[in-house]
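In our numbering, the protein residues as written are 7 to 425.
Glycine is no exception: its CB is placed at the ideal position from the N, C-alpha and C atoms.
Encoded structure:
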């Protein structure tokens, strides 16, 4: 484990511990806002240094967009500007600007999803509903009033989720500040249930990286003295290392949320990952009833982002993907996929946005995940060439076979109908 990763993990553990103090000692909403923001800025500065100017610039630009552009178009302008800036952020070296640290990249990515795009869409939807005089009980009270720069700034730099995520909506942040649920929710137990598996992930990560260090794939010995069979097998431990790394980061990020009380909602309100409660009218009733607050059962499904067991042991890849980065998948579905009315264009738009989000890196869509670790396209292609692009070839074969089987099935169905 390199120094940057060690510092990053240390900051996540500090954030978890700080959440206990934040939740139990600070009661005044305004104090909560400022404390969470100041601590968040400190965390971002710790991993970014002077590159903290990037998220600060984006926040100011997008607040001006929300305030100056009509509600009918502000979400579109924010969407375009935010992703254009993300492209600039990933290519600063071409403009004579030093490339930001790797962990600043994660900060900028989450900021883009959470504030710069997600909030703009939510404000647009709420304004549109109010203009049409729709009595939508799921329009949160925080969406019914103009958002101030300070509220925008506090949400942007709240320490919860600023380093790794998960994605959560503005109303979820608002409920953490103003609603009493965190006082009654089992925050410590929820944190323990998540974090208890982290030592296992860490042990497996250290053992696997010891026997299969990624650096070995950069050496001449790996390509000149190792067989193709070994190089192909090397994909498996590398993908395992990548998954363990994500599990550790995402689970600890969830623990930051649970310890701070973010995403705590009554189970009867049916919270969903990324979205929050489906039945917000029930939330409003419960938070005004002291007796129900004490007797209700709570969960943190609103910030549930990763299910390692599901990723590893479900039978199909399709189901496994539903257990992976769930809050970001919600963001893609609600703010990208469902906004396109023409069905064939939905997947194209989603793929393009996902591509920009990962900086046009082919490894974001590569087989077996090795390129997520090699990171450079020249190194990735060199590796693929050494195993004769076996993953791409097999994928093409399965695709062709699938088309043949599908056509044959349709032909048989037509014959069966005629008979």
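For residue 47, the enclosing alpha helix (DSSP H) covers residues 35-54. For residue 389, the uninterrupted alpha helix (DSSP H) segment begins and ends at 383-392. Residue 237 sits in a helix when the DSSP states are folded into three classes.
Inter-segment contact for the segment 274-284 and the segment 242-260 is absent: fewer than three beta-carbon pairs are separated by less than 8 Å. Relative to the Cα of residue 397, the nearest Cα in the group 377, 253, 319, 147 belongs to 377.
Just so you know, the alpha carbons of residue 205 and residue 336 end up roughly 29 Å apart. The three-state reading of DSSP puts residue 282 in strand, counting E and B together. For residue 304, the pairing in a beta bridge is given by DSSP as 272. Inter-residue distance for residue 382 and residue 124 is about 30 Å (C-alpha atoms, whole angstroms). Residue 306 is classed as buried because its beta carbon has at least 16 other beta carbons within 10 Å across all chains shown. Here residue 154 is exposed, its C-beta having fewer than 16 other C-beta atoms within 10 Å.
In this structure, DSSP gives residue 61 a helical state, which the three-state scheme calls helix.
Remark: fewer than three beta-carbon pairs, one from each stretch, lie closer than 8 Å, so the segment 166-175 and the segment 184-202 are not flagged as touching.
Checking the DSSP bridge columns, you'll see residue 277 partnered with 283. For residue 294, there is no enclosing alpha helix (DSSP H), as DSSP marks it with neither H nor E. One alpha carbon belongs to residue 30, the other to residue 265, and they sit about 10 Å apart. Comparing C-alpha distances from residue 111 to each of 158, 54, 135 shows the shortest one belongs to 54. Within the same chain, 13, 17 come within 8 Å of residue 52 by CB-CB distance, once the 5 residues on both sides are set aside. Assignment of residue 188 by DSSP, reduced to helix, strand and coil, places it in the helix class. Around the beta carbon of residue 138, fewer than 16 other beta carbons sit within 10 angstroms, so the residue counts as exposed. Between residue 106 and the set 260, 76, 59, 276, the nearest pair of CA atoms involves 59. If you look at residue 400, you'll find it in the alpha helix (DSSP H) that goes 396-424.
For residue 151, there is no enclosing alpha helix (DSSP H), as DSSP gives it neither H nor E. Excluding five sequence positions before and after residue 234, the CB atoms of its chain that fall closer than 8 Å to its own CB belong to 392, 393, 394, given in chain order. For residue 231, no alpha helix (DSSP H) segment is defined, and its DSSP state is neither H nor E. By the C-beta density criterion, residue 127 is buried, having at least 16 other C-beta atoms within 10 angstroms.
For residue 409 and residue 301, the gap between their C-alpha atoms comes out near 55 Å. Just so you know, the alpha carbons of residue 325 and residue 310 end up roughly 16 Å apart. Contact between residue 88 and residue 64 holds, since their C-beta atoms are separated by about 7 Å, short of 8 Å. In the assembly as shown, residue 226 is an exposed residue. Its beta-carbon has fewer than 16 other beta-carbons within 10 Å. Less than 7 Å separates the beta-carbon of residue 200 from that of residue 257. Non-local C-beta neighbours of residue 46 in its own chain, meaning closer than 7 Å and more than five positions away in sequence, comprise 163, 164, 165, 168, ordered along the chain. Given a length threshold of 4 residues, each whole run of the alpha helix (DSSP H) inside the segment 157-212 is given here in chain order: 176-184, 187-190, 193-201.
Contact between residue 249 and residue 317 holds: their C-beta atoms lie close to 7 Å from each other, under 8 Å. Contact annotation, residue 174 with residue 308: C-beta distance approximately 7 Å; criterion of less than 8 Å satisfied.
Residue 275 sits close to residue 288, with the two beta carbons spaced by under 7 Å.
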